[in-house]
Every structure is written in C-alpha cells, then in structure tokens.
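Notes for the one structure printed next.
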Amino acid sequence: MKLLLVFTEIQIKYGSYAFQAGLGAISAWVKREGGHEVALAYMGPKFDPAPFRQRLRDFKPDVIGFYTTEDQLRFARKLLAEPGVSECFTVFGGPFATLNPEFLEEEPRLDAICVGEGELPINELLNRLADGRDPGDIPGLWVRRGAEIIRNPSPPFLPDLDSLPFVDRSIFAEAPEIRHVGITQISHRNSFRISRGCPYGCTFCSNQRLGMVQQGRFTRFRSVDKVMQEIQEVTERYEPREIYFDDDTFTLDQRFLDEFVEKYPQTCDLPFEFFSHIGPTTIPVLEKLRGVGGRRVSFGVESGNEEIRTGILKKRFSNDQVIEVFREAKKMGYQAEAFVMAGLPDEDPETFRDTADLLRTIQPDLYSLSIYFPFRGTELYDHALKQGYLPGPVDLDDAFVSRRRALLNMPNFPPKVVAREVRKFPWRVYGRTSLRKALLFRAYEMPIGDSLLQLLAPVRRFLRVYAVGGVTGAHKVELRSEKALSQ
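For what it's worth, my numbering labels the leading residue of the sequence shown as 627, then goes sequentially.
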C-alpha cells in the first residue's frame, strides 16, 4: 500500500521547520512492519495546492494521512476537497485530531481520525486495506461507516521506545516541495528526540491532556545507547552542522543525562541546542551539558507575571529563579533564549509589561514572542471559553498568521491593544542595552516580518550572529572539530 503523509506549515510566525518527528516515526514503522511505501507532501510557508496535486498524480496513494494542528486545520480541509483525494482513504492525526476526534462528524470528506500515537493504528489500517478487510474496529481509530461513526478505544502508549525504528528523515529530504524553507534543514541542523510525553501540567499545552487519551506511562525515555546510535547514523548520512534536541523535557531524567554526558563526546563532536525546565536542578545540569557541547538553551518563561504564570499557566517557578538561571547560563557561555507569550487569558497591558520587565532584567540573547492561540482540547482553552473571551471554536480566515494575531476578546486586553504592546516589546526589552537587537526584533514584529524571514533565509545565520553577538566573547562556543568549523 502507498501512504502519502501531508504536513503543512502555512502562515506561521517564525517560519517553517520542514520536519515533523511524528510523521517520520510513522513512516519508519509502516515501512519496517508492513513493507508499505511512504511519501511526503509538504506545504509552506504559503498555501499553494499545485505541488500537492502533482504529488497525488505521481505517487498515486491509497491512503492520505494529514498531520493537523488547529491553526492548520483550514488548509487541511481545503486539501481534502482537491480532485483525486476522495478516491483515497483519508485520516487526520496529531494533537488537534487526538483531543477533538468528534471533528470527524463535522467533516464528511474525512474517513477516519487517529486518536493517540499513530504507528500501530496506521500500519494496521494499511494492512487491512491491502487485504480488503474492514478497518472499522482498529484500536486507535475513529472510523466513518456511512452515517455512523465507530469510536474505537486507543491502544496503550508504546512502552519501549527502543523497540521503534529511527525516525525516517528520508521522506523530508526527498520531498520536492522542501527547498531551503524555514530555519531548520536536515543538511544544517538535525533534530532528535530522546523521549515522548511530558509530566508537567502546563494549561496552554496539549501534552497535559494527551497523556490521558491512552493507558500506560505517558513520559518515556529512550536509552542513551539508542540515541547515540541514531545520532551517529544521521550525522554520517546528512552531515549537519549542529544538533537540536526537540524535547520539552530534555533535562528531566538525571540518570539519562549522566550517561549522556559520558557518551555524547565519544559519539559526536557537534554543538547542540536543547530546551530546559526551570527548577532547582537546572544550573548543575547546564554545567554538565555545557562541558560536552551544549551551546544554546531555551526556557519556557511564558509570562513575567508570577500570578499569570503559576495561577493561570501552572508553571510553578518564580521570577527570581528565572533571573538566576539566565544569569548563570550566560555566565557559562550559553546562548540563552526565552519563550514568552502575549494575550494570555486574564492578562492585561500591565501584567504583560511584567514580561517585558523580566526580559529586560535577564537580557536573553534571543526571545520568541508568540501571541497566544486557544487550542481546542487544552485546559486554558476551556478557561477562555468559560470567561467569555471566546464565543466557541475559532473561525480563521485565510489571512490569519498563527502566533501573530490575538483571538481572545478580553475587555482589558483586546486584540488591537495586544498588537500595540507586541510592537513595543523589543524596545522595552533591549532599548536601553542594545539598539541593534531592538531594531532587528522590531523589524520582525512588523506585518511583513515573516516575508523578511523567508527573503533573508540565505543570510539568516549571519543575522543571528549579528543579533545575539555570535560565538565570540562571553558566548564563544568551542566547535569541536575542523569539519564542523569548515561547514
């Protein structure tokens, strides 16, 4: 059987990544376990169905699987209406589909929704369709049968991540639509995951409720040996310049990190980037990882107002902890990045300015400011609905750019005021310390910021070095091989 996986990254602030580990995991599994053929149809940063149509004609799939988040849903629905799609079995998966499987009732052109991890259900679907068997009772799928929706329970979480094949990167490397888009390319920065799941209860994140969809342990780690084996194979094949660990909880498992610190230098000489939670053990962990190639670390600060962060978002750390962690990380030589949001439920201009005040204090090398998007199925979406900030599910127009426009109608922080505060944010953070950074971040917050990002893609590394001070002075990074240096 032929499976076409569809991945859209259309009109998203901060551009496109052109890589999605979940789709790569499904591709690797169905190739190994079922011997099926897999191809990828990618679309971004703008909606253009022509390459998708060509992919349908060339590949002639039996099944089309769409990875869906709510901000991309309108584009997936448009693709369902494309000629030839109705001849295939269509299935939605991803966080939106998993947390909102009743969407199958709203979209008559869709045949099924995958609820939870997709390896087992999608492979079983392909096997049954190949044999001419009924797919109606496959665990993990809600399936349309005429006017009826069959709601099958999901299987348990896959318990042993080491038993899974390595993520299939070839479908991304070979996709004709991917041509130097976004900020992460397989030939430049390779992305890895050491785990699945997350133990934290952040109300804005889908992970909080994804862990309730299936039985078994949600937060699971691979062995260090398996991770090292994958890194070695991938770096030999694609020769990236740096490694990116795309885990929400990379620094969570101390035993894993102790072994990682021992084995990473024996396996790879490239610098790496990672996310870290802010907590009591953060600074000792940063010291360990810096010594073996840690170059850049990102923290989910989210808000500078402690009442918003702890009471609304349920991220339980103080501003004093944030200040200390950023001070020590920068002292160690890391490039330190802060992720923050604007337009959060119950926020107002004054509490949002607390975020600017905190970032002005910590002076991150980089920050990522996103306007809050109310994802259906999350606790924070329910809170916004209850408070009357939303009339119901959001109806996005074609011009909507995810993370750039506020959708909540809060009397004390309406969308126009959110936009005004976001425009002022770079000056409030960097205006007294770095006019260079203030100007660059302000330019990016302009309506044409994403277009500028795409236009300047060939010199983006230079701009990043220019903005954050590069790899000199306090942020100098030891590149650990002549090969890495030459690239």
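C-beta: ideal position from N, C-alpha, C; glycine also.
Asked: At a cut of 8 Å, does the region 786-805 reach the region 664-684 through at least three beta carbon pairs?; Found: yes
Asked: What is the C-beta distance between Val1055 and Leu970, in whole angstroms, given that I count them as a contact (C-beta under 8 Å)?; Found: So it is not a contact: roughly 18 Å between Cβ atoms.
Asked: Going by DSSP, which residues form a beta bridge with Ala738?; Found: Val717, Val769
Asked: Report the CB separation of Val951 from Phe925 in whole angstroms; it is logged as a contact under 8 Å.; Found: 7 Å
Asked: When you compare only the Cα positions, how much space is there between Thr861 and Arg815?; Found: 10 Å
Asked: When you compare the CB positions of Glu899 and Glu928, do they come within less than 8 Å of one another, or not?; Found: no
Asked: Anyone know if the C-beta pair for Ile775 and Glu731 falls short of 8 Å?; Found: yes
Asked: Do Arg1002 and Leu725 come within 8 Å of each other at the CB atom, strictly closer than that value?; Found: yes
Asked: Quick one: what's got a C-beta closer than 8 Å to Thr1004's C-beta in the same chain, skipping five residues either side?; Found: Leu725, Thr829, Phe830, Cys831, Ser832, Gln834, Arg835
Asked: How many Å lie between Gly959 and Tyr998 at the Cα?; Found: 31 Å
Asked: Under 8 Å, with one C-beta from each stretch per pair, do the region 942-956 and the region 1007-1021 reach the 3-pair mark?; Found: no
Asked: Is it a yes or a no for the region 641-660 touching the region 1039-1049, going by three-plus beta-carbon pairs under 8 Å?; Found: no
Asked: Can you name the residues that DSSP bridges to Tyr890?; Found: According to DSSP, Tyr890 bridges with nothing at all.
Asked: Helix, strand or coil for Met669 per DSSP?; Found: strand
Asked: Between the beta-carbon of Ala738 and the beta-carbon of Arg770, is there less than 8 Å?; Found: yes
Asked: Give the range of the alpha helix (DSSP H) segment to which Asn833 is assigned.; Found: 833-836
Asked: Go through the region 999-1037 residue by residue and report every complete run of the beta strand (DSSP E) that reaches 3 residues or more, in order.; Found: none
Asked: Taking 7 Å as the cut-off, does the CB of Asn778 come closer than this to any heavy atom belonging to the ligand ADP?; Found: Because no ligand of any kind appears in the structure shown, any question about the ligand ADP cannot be addressed here.
Asked: Whole angstroms are fine: how far does the CA of Lys639 sit from the CA of Val1020?; Found: 18 Å
Asked: Of the choices Gln989, Gly742, Glu743, Gly762, whose alpha-carbon is the least far from that of Leu751?; Found: Gly762
Asked: Under the rule that 16 or more other beta-carbon atoms within 10 Å means buried, what is Ser907, buried or exposed?; Found: The question names Ser, but residue 907 in the sequence shown is Thr. So Thr907 ends up on the exposed side.
Asked: Is it buried or exposed for Asn749, if we count other Cβ within 10 angstroms and need 16 for buried?; Found: buried
Asked: Using CA coordinates, which residue listed in Val717, Asn753, Pro975, Pro671 is at the minimum distance from Glu659?; Found: Asn753
Asked: Please identify the residue among Trp768, Arg1031, Phe882, Arg795 whose C-alpha is closest to the C-alpha of Asp697.; Found: Arg1031
Asked: Could you name the residues of the same chain whose beta carbon sits closer than 7 Å to that of Gly837, not counting the 5 residues immediately before and after it, in chain order?; Found: Gly823, Phe844
Asked: When you compare only the Cα positions, how much space is there between Asp895 and Gly919?; Found: 7 Å
Asked: Going by CA-CA distance only, name the one from Leu736, Gly917, Ala955 that's closest to Leu883.; Found: Gly917
Asked: Under three-state DSSP, which class holds Val923?; Found: strand
Asked: Got a sec? Which residues, its chain only, sit under 6 Å from Glu996 by beta carbon, not counting five neighbours each side?; Found: The sequence shown places Ser at residue 996, rather than the Glu named in the question. Cβ neighbours of Ser996 beyond the five flanking positions: Met967, Arg1029.
Asked: What are the start and end residues of each continuous beta strand (DSSP E) run of 3 or more residues lying completely inside the region 903-965, in chain order?; Found: 920-928
Asked: Is Phe645 helix, strand or coil when you go by DSSP?; Found: coil
Asked: Have a look at Val656 and Leu631 and give me their C-alpha separation to the nearest angstrom.; Found: 12 Å
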